[in-house]
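**Q** Pasting a structure here, questions to come.
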Amino acid sequence: MNSILEQYKTVPESEVKTWFKAAPVSKFPENGGACVKVNDKQIAVFNFTAEGKWYASQNVCPHKMEMVLSRGMIGEDCGTPKIACPLHKKTFSLETGENLNGEDYSIAIFPVKIEEGFVYIGTH
Amino acid sequence: MKTILVIGNGMVGYKFCEKLMTKTNGVNYKVIVFGEEPRPAYDRVHLSEYFSDQDAERLSMAPRSWYEENNIELITNERVTDIHRASKTITTISDKEYTYDYLVLATGSSAFVPPIPGIEKKGVFVYRTIEDLDATMSYVEEIKKNKSDGKAAILGGGLLGLEAGKAIIDMGLETSVVEFAPRLMPRQLDNDASKVLQRKLEGIGLDVLLSKGTQNIEGGDAITGMRFSEDEVLPVDMLLVSAGIRPRDELAKTCGLDVGTRGGIVVSNDMRTSDENVFAIGECALLNHMIYGLVAPGYDMAGVAVDQILGGDSLMPTSIDMSTKLKLSGIDVASFGDALNEAKESESIVYENKFQGIYKKINVSKDGKKLLGGILVGDASDYNMLHQIFLNGMKIPENPEDLILGARGGESASFGSALDLPDSAVVCSCEAVTKGAICCKVNDEGMTTLKEVAGATKATTGCGGCKPMVTDLINESLKAQGVTVKETICEHFDYSRQELYDIVKLKGIKTYAKLLSTHGKGKLGCETCKPVAASLFASIYADTGNDHNVIQDSNDKFLANIQRNGTYSVVPRVAGGEITPEQLIVLGQIGKKYDLYTKITGGARIDFFGAELHELPLIWKDLIDAGFESGHAYGKSLRTVKSCVGSTWCRYGMDESVSFAIEIENRYKGLRSPHKIKGGVSGCIRECAEARGKDFGIIAVEGGWNLYIGGNGGATPRHAELLAEKITNEEVIRYVDRFLMYYIKTAGPLVRTAAWLDKIEGGIEHVKDVVINDSLGLCDQLDKDMAGLVNAYKCEWKEAIENINEQNNRFAHFVNSEESDDTIEFVALRDQKMPKLWA
Numbered sequence: 001m002n003s004i005l006e007q008y009k010t011v012p013e014s015e016v017k018t019w020f021k022a023a024p025v026s027k028f029p030e031n032g033g034a035c036v037k038v039n040d041k042q043i044a045v046f047n048f049t050a051e052g053k054w055y056a057s058q059n060v061c062p063h064k065m066e067m068v069l070s071r072g073m074i075g076e077d078c079g080t081p082k083i084a085c086p087l088h089k090k091t092f093s094l095e096t097g098e099n100l101n102g103e104d105y106s107i108a109i110f111p112v113k114i115e116e117g118f119v120y121i122g123t124h
Numbered sequence: 001m002k003t004i005l006v007i008g009n010g011m012v013g014y015k016f017c018e019k020l021m022t023k024t025n026g027v028n029y030k031v032i033v034f035g036e037e038p039r040p041a042y043d044r045v046h047l048s049e050y051f052s053d054q055d056a057e058r059l060s061m062a063p064r065s066w067y068e069e070n071n072i073e074l075i076t077n078e079r080v081t082d083i084h085r086a087s088k089t090i091t092t093i094s095d096k097e098y099t100y101d102y103l104v105l106a107t108g109s110s111a112f113v114p115p116i117p118g119i120e121k122k123g124v125f126v127y128r129t130i131e132d133l134d135a136t137m138s139y140v141e142e143i144k145k146n147k148s149d150g151k152a153a154i155l156g157g158g159l160l161g162l163e164a165g166k167a168i169i170d171m172g173l174e175t176s177v178v179e180f181a182p183r184l185m186p187r188q189l190d191n192d193a194s195k196v197l198q199r200k201l202e203g204i205g206l207d208v209l210l211s212k213g214t215q216n217i218e219g220g221d222a223i224t225g226m227r228f229s230e231d232e233v234l235p236v237d238m239l240l241v242s243a244g245i246r247p248r249d250e251l252a253k254t255c256g257l258d259v260g261t262r263g264g265i266v267v268s269n270d271m272r273t274s275d276e277n278v279f280a281i282g283e284c285a286l287l288n289h290m291i292y293g294l295v296a297p298g299y300d301m302a303g304v305a306v307d308q309i310l311g312g313d314s315l316m317p318t319s320i321d322m323s324t325k326l327k328l329s330g331i332d333v334a335s336f337g338d339a340l341n342e343a344k345e346s347e348s349i350v351y352e353n354k355f356q357g358i359y360k361k362i363n364v365s366k367d368g369k370k371l372l373g374g375i376l377v378g379d380a381s382d383y384n385m386l387h388q389i390f391l392n393g394m395k396i397p398e399n400p401e402d403l404i405l406g407a408r409g410g411e412s413a414s415f416g417s418a419l420d421l422p423d424s425a426v427v428c429s430c431e432a433v434t435k436g437a438i439c440c441k442v443n444d445e446g447m448t449t450l451k452e453v454a455g456a457t458k459a460t461t462g463c464g465g466c467k468p469m470v471t472d473l474i475n476e477s478l479k480a481q482g483v484t485v486k487e488t489i490c491e492h493f494d495y496s497r498q499e500l501y502d503i504v505k506l507k508g509i510k511t512y513a514k515l516l517s518t519h520g521k522g523k524l525g526c527e528t529c530k531p532v533a534a535s536l537f538a539s540i541y542a543d544t545g546n547d548h549n550v551i552q553d554s555n556d557k558f559l560a561n562i563q564r565n566g567t568y569s570v571v572p573r574v575a576g577g578e579i580t581p582e583q584l585i586v587l588g589q590i591g592k593k594y595d596l597y598t599k600i601t602g603g604a605r606i607d608f609f610g611a612e613l614h615e616l617p618l619i620w621k622d623l624i625d626a627g628f629e630s631g632h633a634y635g636k637s638l639r640t641v642k643s644c645v646g647s648t649w650c651r652y653g654m655d656e657s658v659s660f661a662i663e664i665e666n667r668y669k670g671l672r673s674p675h676k677i678k679g680g681v682s683g684c685i686r687e688c689a690e691a692r693g694k695d696f697g698i699i700a701v702e703g704g705w706n707l708y709i710g711g712n713g714g715a716t717p718r719h720a721e722l723l724a725e726k727i728t729n730e731e732v733i734r735y736v737d738r739f740l741m742y743y744i745k746t747a748g749p750l751v752r753t754a755a756w757l758d759k760i761e762g763g764i765e766h767v768k769d770v771v772i773n774d775s776l777g778l779c780d781q782l783d784k785d786m787a788g789l790v791n792a793y794k795c796e797w798k799e800a801i802e803n804i805n806e807q808n809n810r811f812a813h814f815v816n817s818e819e820s821d822d823t824i825e826f827v828a829l830r831d832q833k834m835p836k837l838w839a
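Protein sequences appear in the order of chains Y and S.
Position 62 (the first sequence) corresponds to 62 in full-length UniProt numbering; numbering is contiguous.
Position 785 (the second sequence) corresponds to 785 in full-length UniProt numbering; numbering is contiguous.
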């Protein structure tokens, strides 16, 4: 069970080696999320249209290890952009990956950039 | 820099570290903690939860990274073997030596195993650590493999034993609790309270044997039974011992510290042992000739030890509160103060209700002025207030029985307000937070929410039992400041759901973005207010789950119920439960085609499980082609109208319940509401459709239908109440229309009709006045609103399939690949399949 989580480590923008070309911007719902297959990994990408921002995280929710975060609901908690898991509404900061309900587990997050209408995800 | 060695990494040992870090921020002291178990400290109070989820992480007090961040060296799997007080050093089992300035013994306790002949046999376990639970669970599995009627026993009917008993039943063994004393929880309950609890436990299948002394454990290698007397043997395949604790004082003994004759490291009220540089805290410490086997006094001891080491003068109080409140498989049990009247200083007042399984007893001082203790079984909702009255020696009502019976007649409430407590009253005993500290955050620092106050004071973050009282204190303090307290949706909307309903309707707002920008805060909203808005748009404009897709709740977003492994279930509507053989055949073929797990739901329809996201539109295309419609099993909407077969077939039937149920289900299908709605129609008072357990229930009687509203099954069952008697089909529909519409307009988010009816001022009489007598002049509007929604119905799955956008298909797992999710795995279950369990 931990072997899945070990595949997902936060990538700070300064450490990006490759920008993975995911899909055109139009494929992502406004103010929602979608899942991108990055080689053998699943990355959830969130389009915060209202703020003009993008975030990405692991798609697996560390609470019950299901590949579902992209199907969750985005929002904010006192100014922090967050994602709520569709299974049990566990919420995570999309800036730091931190669990906002006070549990121990957190999620890995990845940088996103938009170039010429395409979404790119930063990887090692 | 001084060195503190902490021996023992249990709850109290951890709390010592936490309190030390809060006070010193980690400077000036080097801290090394030794734990004998492999993992860092975990919550033993909630150990029985491990039986159901095997989630050790969830029980953890703090992850290893916490110790690292605070520069605490945590050495687990390492037992300390010797203390050398002269040289102020210790040695461990791997022969390593460490020097200390202060030594803290938090060695806790071990399970007491009574010296019964044969107790060493295979199949006998103790109940203390996660490893014990793992061993117990794998043995249960072994028993179940070998026989279908395996039996287990728990030795000890204390609170831990009863929790363990419930857990073993849930694992599938017949279980008996064997207690030596003539009653359960002998330290907390009296005989009558024990009897009430016993009946409730027997109701959930736990066998209770009292006054049983075990003479011998029968069997060869492995246990086969427990012998109580020459001719009484209880056959069992395993035994879990939970017969009390023994303090772990062996290290203290060998280094010459004072220990009690029956065990325990002797400490004075500054938590120092007979050596002033050595402290003992928690269940290993013998204070006032007592071992305190509860976590709250252990935490207090940790606080005193920290303060003493830092040069303070904190002491343990002279009397230590041993009150407890817990839920045993959903049954409230609480005991406080001198519950058993051991001091013989009080007179008792007892209330017992055998129908509901409720027992309440309070012990009042002989002058009738003070509350000295009490016991509550079956309903402990008054515990927090009674406990505070006891702790603070507060004045009690002239008629002390009001404390458990409520004030009968007259205006005054028996308790008054939570604000009547003295400022020094400890409201959260886990974190020792006083009423004064909580009110100060509200009155002086301007906090207004439970979340803020909990963040600032840590109140409610332990066992959570004080949450209702802390909420009351915050709300009452705000009220006293003249602030109106209302139930707002979330941080983004300062409105109740009812107010938002009116805003949306009157101003004609049609999108979430518009609602947020005109009446909310921020740009993003959250998972609480978005689904509320979606539900309002549905209830006002008949918008479906396909509209406003990104603000729909998990299930409405994909028009299906998300299940444990991220797959979905699919439920077509089968109005009234009437289904033709042809329809059954089609459903069977579809289930087979997509390899779905199939079962009949509680609402008498057919549920398919294990559909992957991308399969949903394919399955629904087939269903719709065969004439089925969405069953809205995923929505906060009308689910089913259950029916019995009625006068068309039944020889007792008074009216055609199936026909009426179908008509009603088809009328309200697609109707979205604050929470799900279920209905039932029975053809006679035998009530085979269980209609009185539904949000609306219709029962045929001589001369028409009786209509009941506000029923519920679930966690808080409630029978529906009579709204109107002997009415016609048309009247039933008129009143249900108005009742549902009134509920949809006025209820809070996720409030079922039962809770709504309980809360609404005036109760059922008020609702009668509104929907029958039109006391508010609303009926025309309610009728019109409902007619609009009924006429606007469309099958949202049909709509979803017609409008599917291959470019932006929300049912695709990936946006950049046609593949499906390869992490989903199923295993066989009987003749079908189920999601694979995580290892």
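Glycine residues also receive a C-beta, built at the ideal position from the N, C-alpha and C atoms.
Please list, in chain order, the residues of the stretch 53-71 of chain S that have any C-beta partner in chain Y closer than 7 Å.
**A** Under the 7 Å Cβ criterion, the stretch 53-71 of chain S contributes E57, S60 and P63.
**Q** Please compile the residues from chain Y whose C-beta is within a distance smaller than 8 Å of the C-beta of S/V570.
**A** Within chain Y, no residue comes near S/V570; the closest Cβ sits about 16 Å away, beyond 8 Å.
**Q** Could you confirm whether any beta carbon from chain Y is found closer than 9 Å to the beta carbon of S/D695?
**A** Output row for S/D695: interface = no.
**Q** Could you compute how far the alpha carbon of residue 886 of chain S sits from the alpha carbon of S/L257?
**A** Lying outside 1 to 839, the shown extent of chain S, residue 886 of chain S is not represented and no answer is given.
**Q** Between the Cα of S/N666 and those of S/S647, S/R651, S/K642 and S/W649, spot the shortest distance and give me the residue it belongs to.
**A** Cα-wise, what sits closest to S/N666 is S/K642.
**Q** Here's the rule I'm using: 16 or more other beta-carbon atoms within 10 Å means buried, otherwise exposed. How should S/H387 be labelled?
**A** Per the 10 Å Cβ criterion, buried.
**Q** For Y/L87, return the contacting residues in chain S, with the cut-off set at a CB-CB distance below 7 Å.
**A** By Cβ distance, chain S contributes I562.
**Q** Between which two residues does the alpha helix (DSSP H) harbouring residue 918 of chain S extend?
**A** As shown, chain S starts at 1 and ends at 839. That puts residue 918 of chain S outside it, with no answer to give.
**Q** Nearest chain S C-beta to Y/N31 closer than 9 Å, yes or no?
**A** Chain S, which has a Cβ nearer than 9 Å to the Cβ of Y/N31, makes this yes.
**Q** So if I threshold CB-CB distances at 8 Å, which residues from the stretch 797-822 of chain S count as touching chain Y?
**A** Those residues of the stretch 797-822 of chain S that come within reach of chain Y (Cβ to Cβ, closer than 8 Å) are Q807, N808, R810, H813, F814, V815, N816, S817, E819 and D821.
**Q** Can you give me the start and stop residues for the beta strand (DSSP E) that Y/W54 sits inside?
**A** Looking at the DSSP string, the run of the beta strand (DSSP E) that includes Y/W54 is K53 to Q58.
**Q** Which word fits Y/I43, buried or exposed, when buried means at least 16 other C-beta atoms lie within 10 angstroms of its C-beta?
**A** Y/I43 should be labelled buried.
**Q** For Y/C78, does the count of other Cβ atoms within 10 angstroms reach 16, so buried, or fall short, so exposed?
**A** With fewer than 16 other Cβ atoms within 10 Å, it is exposed.
**Q** I want to see whether chain S comes within less than 9 Å of Y/F92, judged by CB atoms only; does it?
**A** No, Y/F92 lies away from the interface with chain S (no Cβ there is under 9 Å from its Cβ).
**Q** Please report the straight-line C-alpha distance between Y/Q58 and S/L782, rounded to a whole angstrom.
**A** One C-alpha to the other measures close to 47 Å.
**Q** At a CB distance below 7 Å, what residues from the stretch 518-536 of chain S approach chain Y? Give them in sequence order.
**A** Correct list: G522, K523, L524, G525, C526, E527 and K530.
**Q** Taking the alpha carbon of S/G150 as the point to measure from, which residue in S/L133, S/D170 and S/G161 has its own alpha carbon closest?
**A** Among S/L133, S/D170 and S/G161, the Cα nearest to that of S/G150 belongs to S/D170.
**Q** Reducing DSSP to helix, strand and coil, say where S/K686 ends up.
**A** One detail in the question is off: residue 686 of chain S reads as Arg in this sequence, not Lys. It is coil, neither helix nor strand.
**Q** Suppose contacts are defined by Cβ-Cβ distances below 9 Å. Is S/T99 in contact with S/V80 by that definition?
**A** The answer is no: Cβ separation not under 9 Å.
**Q** Quick check on this structure: which residue in Y/A22, Y/V25, Y/K53 and Y/I4 has the alpha carbon closest to the alpha carbon of Y/K82?
**A** That would be Y/K53, whose Cα lies nearest to the Cα of Y/K82.
**Q** Give me the chain S residues within the contact set of Y/V36, using Cβ-Cβ distance strictly less than 9 Å, ordered along the chain.
**A** The answer, in chain order, is F814, V815, N816 and S817.
**Q** Quick check: the stretch 257-268 of chain S against the stretch 276-294 of chain S, are at least 3 beta-carbon pairs closer than 8 Å?
**A** With the cut-off at 8 Å, the stretch 276-294 of chain S and the stretch 257-268 of chain S touch.
**Q** Whole angstroms are fine: how far does the CA of S/L478 sit from the CA of S/T471?
**A** In a straight line, the C-alpha of S/T471 is about 11 Å away from that of S/L478.
**Q** List the DSSP bridge partners of Y/C35.
**A** For Y/C35, which the question treats as bridged, DSSP gives the partners Y/A44.
**Q** At a CB distance below 8 Å, what residues from the stretch 5-30 of chain Y approach chain S? Give them in sequence order.
**A** Against chain S - using a Cβ distance shorter than 8 Å - the residues of the stretch 5-30 of chain Y are A22, A23, S26, K27, F28, P29 and E30.
**Q** Beta carbons nearer than 8 Å to chain S: which residues of the stretch 64-76 of chain Y have them?
**A** Cβ contacts with chain S: K64, M65, E66, M67, V68, R71, G72, M73, I74, G75 and E76.
**Q** Is it the case that the stretch 501-512 of chain S contacts the stretch 528-540 of chain S, given that we only count it when at least three CB pairs across the two stretches are under 8 Å?
**A** Yes: at least three Cβ pairs fall under 8 Å.
**Q** Rounding to the nearest angstrom, what Cα-Cα distance links S/S424 and S/V377 in this structure?
**A** Roughly 28 Å between the two C-alpha positions.
**Q** So what does DSSP say about S/G693, is it helix, strand or coil?
**A** If DSSP states are grouped into helix, strand and coil, S/G693 belongs with the helices.
**Q** Could you check what DSSP says for S/V113 in three-state terms: helix, strand or coil?
**A** Coil, per DSSP.
**Q** Give the DSSP-derived three-state secondary structure of Y/S93 in the structure shown.
**A** Reduced to three states, the DSSP call for Y/S93 is strand.
**Q** Relative to the C-alpha of S/F696, which candidate in S/V113, S/C688 and S/N706 has its C-alpha closest?
**A** Of S/V113, S/C688 and S/N706, the residue nearest in Cα terms is S/N706.
**Q** Grab me the residues of S/T434's own chain with a C-beta within less than 8 Å of its C-beta, minus the 5 sequence neighbours each way, in chain order.
**A** Cβ within range, chain order: D423, S424, A425, V426 and V427.
**Q** Are the CB atoms of S/V571 and S/L616 nearer to each other than 9 Å?
**A** No.
**Q** Taking only beta-carbon atoms, is Y/Q58 less than 9 Å away from chain S?
**A** No, Y/Q58 does not count as interfacial toward chain S.
**Q** Can S/Y351 and S/I404 be called in contact, C-beta distance under 9 Å?
**A** Result yes, Cβ atoms of S/Y351 and S/I404 sit closer than 9 Å.
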